[in-house]
Amino acid sequence: MKKRKPVEERKEEVFFAIAHIIAEKGLSEVSTTEVAKRLGVSQPAIYKYFKNKDQMLVYFISHIKQQLENILNKAQTGKNTIQKLKILYEHHFELIEKTKILPRVIFSDEIHLGDPEKRKALASVIDLYKEGIKSILQEGIKKGEIKKIDVEIGANLIMGFIISCTLNWMLQGMNYSLRKKAQEVTSQLSILLTPC
-17 MKKRKPVEER KEEVFFAIAH IIAEKGLSEV STTEVAKRLG VSQPAIYKYF KNKDQMLVYF
43 ISHIKQQLEN ILNKAQTGKN TIQKLKILYE HHFELIEKTK ILPRVIFSDE IHLGDPEKRK
103 ALASVIDLYK EGIKSILQEG IKKGEIKKID VEIGANLIMG FIISCTLNWM LQGMNYSLRK
163 KAQEVTSQLS ILLTPC
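First residue of the sequence shown: -17, per our numbering; consecutive thereafter.
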């Protein structure tokens, strides 16, 4: 008799199954049937954890939120603002390389035009991440580590840069390291943000 996996371990497997489906086929192809097939279990086994596709996707988005919270926490280990932003970029790009899906989720019509619960869940993820970046920038300004900038605009620029780098990476066949891109970015950021 097969030993059942713990709930959190199975849900983690579901997260990565969904990520791979999105990366290969797009968000519209995610279904309980496809996830079950990827995991080598029956569809009813998926229903033990999720009632339907929408509930699975809300979980998926909340898991992305948890991943981004982890990135923000790791960024706080930096000794100064530029180092914190470098850590943020490195870990964010590492997550994208590992899952290959964040841009597809963020720009998915199924989320923007579909179920309000999914749209609200995604908006909360983006808001949380943006607030974390703004906090890093505010602290850097307060300590005199970076120029006095509008932190709202700064956070939007940082997030926009992550998105544009990722889309470019995807368009070029994901054939280079996004993590190396983080090194280029932070060297330019230090030039732009460091007070004269």
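Every residue gets a Cβ at the ideal spot worked out from N, C-alpha and C, and that includes glycine.
Rounded to whole angstroms, what is the Cα-Cα separation between residue i and residue j?
{"i": "K68", "j": "I144", "result": "12 Å"}
{"i": "K82", "j": "G126", "result": "36 Å"}
{"i": "K102", "j": "E(-5)", "result": "24 Å"}
{"i": "M38", "j": "K129", "result": "43 Å"}
{"i": "M(-17)", "j": "S24", "result": "For M(-17), the predicted model reports a pLDDT of 46, less than 50, meaning its position is unreliable and no value from the coordinates is stated."}
{"i": "N62", "j": "K30", "result": "46 Å"}
{"i": "G22", "j": "Q165", "result": "39 Å"}
{"i": "K162", "j": "S146", "result": "15 Å"}
{"i": "H73", "j": "N34", "result": "31 Å"}
{"i": "K(-13)", "j": "V40", "result": "22 Å"}
{"i": "L50", "j": "P26", "result": "31 Å"}
{"i": "N52", "j": "K112", "result": "14 Å"}
{"i": "E11", "j": "G155", "result": "21 Å"}
{"i": "T168", "j": "L54", "result": "16 Å"}
{"i": "F32", "j": "T14", "result": "9 Å"}
Name the two residues that bound the continuous alpha helix (DSSP H) containing residue i.
{"i": "N34", "result": "Here N34 belongs to no alpha helix (DSSP H), and DSSP marks it neither H nor E."}
{"i": "V(-11)", "result": "-11 to 7"}
{"i": "I144", "result": "133 to 153"}
{"i": "V17", "result": "14 to 21"}
{"i": "P177", "result": "Careful: P177 lies outside any alpha helix (DSSP H) and carries neither H nor E."}
Margin query: Pairs of beta-carbons, one from the region 56 to 74 and one from the region 167 to 176, closer than 8 Å: are there three or more?
Written below: yes
Margin query: Under 8 Å: do the region 107 to 119 and the region 150 to 162 share three or more Cβ pairs, one atom per stretch?
Written below: no
Next item on the list: At 3 residues or longer, and completely inside the region 33 to 82: list those beta strand (DSSP E) runs for me, N to C.
Entry: none
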